[in-house]
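Protein chains in written order, with my numbering: chain A, 73 to 466; chain B, 136 to 199.
Here it is as structure tokens:
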């Protein structure tokens, strides 16, 4: 028998497992929307902790939040940023399109952890109230998109771009190494004039550096945050200056150049910046597909094919044919690329679904973007560290 | 959702009670707010002003 605790929200009393820090609204979402296995991306937890800390700092600086409440909220956000309490965010992707209950999950966990620190009862909402204090000057409608943008930018800068850069560097090194290896060029897959292997691979390196440029360009839109727009972009219940102060705090905490979006209606009614970012992921996927495909063409053989590149033996290639070596790294990478291209369609539909003042496909957009950038990054990383670094001309 | 403007004054929970009470009893928000005794007539009119609600605006705060 699980011990329970009574939590309340504006609809009444809800029973919550006693050892959990979440409250009534999180529990309601769990009961109504435990759909499938996919949870809200874990990157959203830290993005939200950054945002809540920034908002508390801005509210405190603006004289709206008392010292003691501010100190408690910041302490709990720091705990979350340090990796604690992440198991207190159990909600699934397929929930409200605004992500409201995830925002409330964050508000409830912070409020209840503050209760623990202050020695008050869980669920008492005292001294720190989930709506009045943790959510002060905020709405789910501006915080969830802001957290999405923070999570996307942090992930792209910290994970995807370094992986693509490493792959590009590995390919550029091969281009240099093979600059004098003359081979046959092909157009229409038929014999054409000579080319060096280095020239061919310099094209691949250039494709990747072009992709990095495209992604960096797309991030410029992602740095513009909705926070401070509150419910519909007007800023009701946020003090003048809060939006700018909070965005500056987020920039300081994340080390990335976030700013307050000059027009909140753009970034709450639509998420075009994430659609654009997704488009650059798709272009990267297209490039990686072509590069990986060329590797498998050039390596086909080794005795009865092009046999221009020798690929590394990652594993025995066949259960029946001894000695077989297959371009498995290229196969994994091209499958990821196909998934990325397919998911871009989902992000496009999600982005198009901004009805009037608010887009209501937010969890879909961030979970799809996150899956893609993570697998692209990992795919590029493993490619850099194995097959694309290893092939050698025969 | 005009009651949103009252949250900084009386707190989210009481503002929410006004919204639910008004719906349940088919009252205007103002009548519900007065009936529940959370605000005065004059305070309600001053705070819940649509023209003030279209920009960054925090009504006279008592919730800290």
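Note that beta-carbon positions come from the ideal geometry of N, C-alpha and C, so glycine has one too. These numbers were taken from a predicted model, which means no experiment stands behind them.
With DSSP run on the structure shown, which of helix, strand or coil describes residue 308/A?
strand
Just the Cα atoms here: how many angstroms apart are residue 326/A and residue 179/A?
20 Å
Closer than 8 Å by beta-carbon distance: list the chain B residues that pair up with residue 307/A, in chain order.
190, 191, 192
If residue 42/A and residue 98/A are in contact, beta carbons under 8 Å, what's the gap, nearest whole angstrom?
Since the first residue of chain A shown is 73 and the last is 466, residue 42/A is not available in this structure.
Can you check whether the CB of residue 200/A is closer than 9 Å to the CB of residue 182/A?
yes
CB-CB length for residue 117/A against residue 152/A, believed under 8 Å
6 Å
Which partner residues of residue 161/B appear in the DSSP bridge assignment?
Residue 161/B pairs with nothing; no bridge assigned.
Residue 214/A versus residue 232/A - alpha carbon distance
26 Å
Residues in its own chain within less than 7 Å of residue 101/A by CB, not counting five upstream and five downstream?
163, 167, 173
Counting only beta-carbon separations shorter than 9 Å, does residue 315/A have a partner in chain B?
yes
Burial state of residue 88/A, where buried means 16 or more other Cβ atoms lie within 10 Å:
buried
Cα-Cα, which of 350/A, 192/A, 378/A is closest to residue 438/A?
350/A
DSSP three-state call for residue 279/A: helix, strand or coil?
helix
Residues of its chain near residue 423/A, where Cβ-Cβ distance is below 6 Å and the 5 sequence neighbours each way are ignored
343, 347
Do you know offhand how far residue 194/A's Cα is from residue 156/B's?
27 Å
Cβ of residue 218/A within 9 Å of any chain B Cβ
no
How is the alpha helix (DSSP H) around residue 139/A delimited, first residue to last?
139 to 153
Whose Cβ in chain A lies nearer than 8 Å to the Cβ of residue 172/B?
Within 8 Å Cβ-Cβ: nothing; residue 172/B doesn't reach chain A, min ~18 Å.
Please confirm if residue 312/A has its CB atom under 9 Å from at least one CB of chain B.
yes
Measure the C-alpha to C-alpha separation of residue 376/A and residue 236/A and round it to an integer number of angstroms.
33 Å
Do three or more CB pairs link the stretch 316 to 324 of chain A to the stretch 115 to 130 of chain A at distances below 8 Å?
yes
Quick one: residues in its chain with C-beta nearer than 8 Å to the C-beta of residue 290/A, no 5 flanking neighbours on either side, listed in chain order?
345, 348, 349, 351, 352
With a threshold of 9 Å between beta carbons, is residue 160/B in contact with chain A?
no
Interfacial residues, the stretch 180 to 205 of chain A to chain B, with Cβ spacing under 9 Å:
197, 201, 202, 203, 204, 205
Taking only three categories from DSSP, how would you classify residue 441/A?
helix
Stretch-stretch touch, CB-based, cutoff 8 Å, three pairs: the stretch 365 to 385 of chain A with the stretch 292 to 310 of chain A:
no
Of all Cβ atoms in chain B, is any one closer than 9 Å to the Cβ of residue 78/A?
no
Rounded to a whole number of angstroms, what is the C-alpha to C-alpha distance between residue 110/A and residue 165/A?
6 Å
Answer yes or no: do residue 160/A and residue 175/A have a C-beta to C-beta separation smaller than 9 Å?
no
At least one CB of chain B closer than 9 Å to the CB of residue 422/A: is that the case?
no
For chain A, check one thing: does any of its Cβ atoms lie closer than 9 Å to the Cβ of residue 168/B?
no
Over the uninterrupted beta strand (DSSP E) stretch that includes residue 264/A, give me the two end residues.
262 to 268
With DSSP collapsed to three states, give me the class of residue 256/A.
strand
Rounded straight-line distance, which links the Cα of residue 86/A to that of residue 75/A
13 Å
Taking only runs of the alpha helix (DSSP H) that begin and end inside the stretch 199 to 234 of chain A, which ones reach a length of at least 4 residues, in chain order?
212 to 227
Is residue 243/A helix, strand or coil by DSSP?
helix
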